[in-house]
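Below you'll find the structure, written out as structure tokens, and then a few comments.
Numbering (this note's numbering), first residue to last: 71 to 370.
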């Protein structure tokens, strides 16, 4: 059985004072859907599930609409199963109601990991930025590959469950090795940052844009099929090639190649298959002369 892992570290009571600093209990998503987000826990009961009414809502395959509850009772946090389909586990043991102590692990679903902790008003913003930075590519500031992979798995599961479209655009900077070889890696880094900036400026807030590796980027387009994603890819193409990139050596003309695919095109709709399909379309764009968009063409 696949499980989601929720890590809870409980050493103090929520809303108690440590010296002059007021502490509050939070759950921080370390992996899985909504990774990096912090959820304050209620003084009474906090529900965890994939339903719209859940206090901590996670789109994860195997999680019930209301899967589990963290309940504060007389200063102790308890983990309760909420009649879930796949069960709730504490440190590998299936539980109905179990007290939680520092470091206990709650397992409920496929891939999400949450951490229970306490923060005061002074360090909450710092902790948010700390977890956010762990999800970001240090050079470009966009999401990193680990976050992309995690979110794509969750988004694919959600799209299949709710029969929603989901598209993926893979993006590669044309002739990037030549830029590095001719002008050096500092100029190459500047090009990567500028391309990432331009692409991010034209993406929707609900989409996920990440550096996939090297000079390659990926864009998850939620609730969108390949035709609509292709229109977004065309906009990105024009935005990048429409204006030279200003670097220390002058101005460089930069172009990109893009490949587009959606779940509906796949015989086996998995996150791995979607990446492979979008990558195949990307390489078709490269073979076709670069500086273009191609849509995945299924065999047969």
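Where is the CB? At the ideal position from N, CA and C, for every residue including glycine.
Check	Outcome
By the DSSP assignment, the alpha helix (DSSP H) with residue 279 in it spans what residues?	Residue 279 -> not in any alpha helix (DSSP H); beta strand (DSSP E) instead, spanning 278-283.
What whole-angstrom Cβ distance do residue 327 and residue 244 have, given they're in contact under 8 Å?	6 Å
For a quick check, are the C-beta atoms of residue 310 and residue 319 less than 8 Å apart?	no
Measuring CA to CA, which of 103, 176, 322, 294 is closest to residue 332?	294
Sort 105, 158, 134, 226 by Cα distance to residue 345 and report the nearest one.	226
Are the beta-carbon atoms of residue 236 and residue 305 separated by less than 8 Å?	no
Looking at the structure shown, is residue 302 part of a helix, part of a strand, or coil, going by DSSP?	helix
To the nearest angstrom, how far is the alpha carbon of residue 359 from that of residue 307?	14 Å
Quick one: is residue 91 buried, meaning 16 or more other Cβ sit within 10 Å of its Cβ, or exposed?	Because residue 91 sits at a pLDDT of 49, beneath the cut-off of 50, its placement in the model cannot be relied upon, and the following sentence gives the value as read from the coordinates. So residue 91 counts as exposed.
Could you tell me whether the Cβ atoms of residue 205 and residue 263 are closer together than 8 Å?	no
May I ask which residues mark the beginning and end of the alpha helix (DSSP H) holding residue 185?	That residue, residue 185, is in no alpha helix (DSSP H); its beta strand (DSSP E) goes 183-190.
Is it buried or exposed for residue 145, if we count other Cβ within 10 angstroms and need 16 for buried?	exposed
Go through its chain and collect everything with a Cβ distance to residue 356's Cβ below 6 Å, but skip five positions before and after it.	327
Do we get a CB-CB distance below 8 Å when we pair residue 320 with the residues of chain B?	Going by chain labels, chain B is absent from the structure shown, which holds only one protein chain.
State the Cα-Cα distance for the pair residue 288 and residue 240, rounded to the nearest angstrom.	5 Å
Examine the Cβ distances between the segment 165-181 and the segment 141-155 and report whether three or more of them are shorter than 8 Å.	yes
Can we say the segment 123-141 touches the segment 93-106, given the rule of at least three CB pairs closer than 8 Å?	yes
Following the continuous beta strand (DSSP E) through residue 118, name the residue where it begins and the one where it ends.	115-119
Below 6 Å CB to CB, which residues in the same chain sit around residue 246 once its five sequence neighbours on both sides are set aside?	285
With respect to the alpha helix (DSSP H) encompassing residue 231, which residues constitute its N-terminal and C-terminal limits?	215-232
On the premise that residue 347 lies in contact with residue 336, defined as a C-beta separation below 8 Å, what is that separation, rounded to the nearest angstrom?	6 Å
Assuming residue 329 and residue 366 make a contact with CB atoms under 8 Å, what is their CB distance in whole Å?	7 Å
Could you give the distance in angstroms between the alpha-carbon of residue 258 and the alpha-carbon of residue 343?	30 Å
According to the neighbour-count rule (16 or more other Cβ atoms, all chains shown, within 10 Å of its Cβ), is residue 164 buried or exposed?	exposed
Using the C-alpha atoms, what's the distance from residue 314 back to residue 253?	15 Å
Once DSSP output is grouped into helix, strand and coil, what is the label at residue 136?	coil
Within a Cβ cutoff of 7 Å, which residues of the same chain sit near residue 219, ignoring the five residues on either side of it in sequence?	none
Three-state secondary structure (DSSP) at residue 335?	helix
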